[in-house]
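My numbering puts the first residue of the sequence shown at 128, with every later residue one more than the last.
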Amino acid sequence: MNLEEGEILALKEYREEKSYLVRKITSVANRLNRIERNIKNEFPLPNENLEKLTEFFPNIKVKKIEDINKFHINISQILDKQLENSLNVLKDEKRILETRLSDLDRKIDDFLYSFEEDNELLNNLNSLYQKKYILETENESYERNEAIKRDISKKKDEIDKIKGQTVSELNQIINKSIKKVNQFIYQSTKKAPQLKLDINNYEYINNENTGTGAAYKNLILFDLAVFETSELPFIIHDSFLFKNIEIPAIERIIEFYSSSVKQIFIAIDEAQKYKEEVKNIIQQNAIVLLDESKTLFVKDWSK
């Protein structure tokens with residue numbers, strides 16, 4: 128007797144259905160076991176335990192605990208009824224599934240008996256069909272993975288494009304702010320440094336002067352530019368930043384500090400060398416004033 132592919136497919140469907148029914152019966156049985164365990168658990172506090180509790184805590188309010196205990200008993204009774212209902216539903220479902228499985232086993236036995244002479248051929252064909260199914264599934268998985276890879280690559284390109292646009296916009300905003308701060312401090316007498324940002328790198332260029340003072344001045348310009356164009360709540364500049372910057376520039380920087388509506392903390396030495404207006408700004412906004420008689424620490428570390 129020759130076996131057609133349709134007959135092999137029918138056997139495969141029988142076996143797949145049997146596998147499904149076995150898994151389903153196991154799942155229902157596990158749920159039944161959980162419900163039976165929950166029904167057996169006793170949540171309320173037994174009276175003998177309550178009596179023992181009063182031995183250790185004589186002043187405890189027993190009436191309140193009893194009320195709570197009664198509440199738990201009522202809740203437990205309601206839950207027990209619900210669990211019993213669920214238990215009966217699951218038992219019925221398990222019986223139906225087991226009946227279906229028993230009927231299916233008979234079908235498989237009858238099917239195999241009718242092809243008993245070609246049993247080896249049947250198994251071989253079934254094995255080939257399984258291999259075919261596996262190869263088709265693997266091919267579909269490969270195609271899905273390739274489609275996902277293409278989608279990821281496309282999304283990555285889109286993200287890189289957005290990042291590039293964002294960095295370019297940020298670069299323009301910061302450079303515009305640097306020019307504004309530089310104009311306030313130098314009134315067009317000195318060219319503003321330029322920030323060059325890309326996704327992976329940056330440059331901060333000042334072709335006119337590469338000395339220490341220019342480096343500190345450019346750092347202050349950058350700080351103030353970012354400070355003015357962001358949600359940064361405050362900045363702090365220490366006194367060493369001002370050491371190598373010319374006095375007129377420092378005076379304008381302090382005036383810029385004074386014009387800001389946000390908080391700026393600085394430490395500055397030799398305030399007396401600046402013009403009167405700047406000295407007044409420093410004095411009016413000073414929080415801590417230090418000199419030889421008023422040192423920050425008990426020991427004067429400069430001596």
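A virtual CB, placed ideally from N, CA and C, is assigned to each residue, including glycine.
Going by DSSP, Leu-346 is part of the alpha helix (DSSP H) stretching over 339 to 356. The three-state reading of DSSP puts Ile-395 in coil, since its state is none of H, G, I, E or B.
Scanning its chain for C-beta atoms nearer than 6 Å, with the 5 sequence neighbours on each side dropped, one finds no residue around Glu-263.
Contact check between the segment 352 to 366 and the segment 323 to 330: fewer than three CB pairs, one atom from each, fall below 8 Å, which does not count as touching. Judged by their CB atoms, Glu-355 and Ser-315 are not nearer to each other than the 7 Å cut-off. Straight-line spacing of the CA atoms in Leu-348 and Ile-275 works out to 46 Å.
Here the alpha carbons of His-364 and Ser-386 stand approximately 16 Å from one another.
Residue pairing by DSSP places Gln-390 opposite Phe-361 in a beta bridge. Assignment of beta-bridge partners to Gln-321 by DSSP yields Ile-332. For Asn-302, same chain residues with a beta-carbon under 7 Å away, outside a window of 5 residues either side, are Gln-321 and Leu-322 in chain order. DSSP places Gln-314 in no alpha helix (DSSP H); its state is neither H nor E. Taking a contact as a CB-CB distance under 8 Å, the pair Lys-145 and Leu-224 does not count as one, their CB atoms being some 11 Å apart.
As the crow flies, the alpha-carbon of Gln-209 is around 10 Å from that of Ile-162. For Val-405, the enclosing alpha helix (DSSP H) starts and ends at 403 to 412. Taken atom to atom, the span from the alpha-carbon of Lys-139 to that of Lys-283 is near 43 Å. The Cβ neighbour count for Lys-402, taken over all protein chains shown within 10 Å, is under 16; the residue is labelled exposed.
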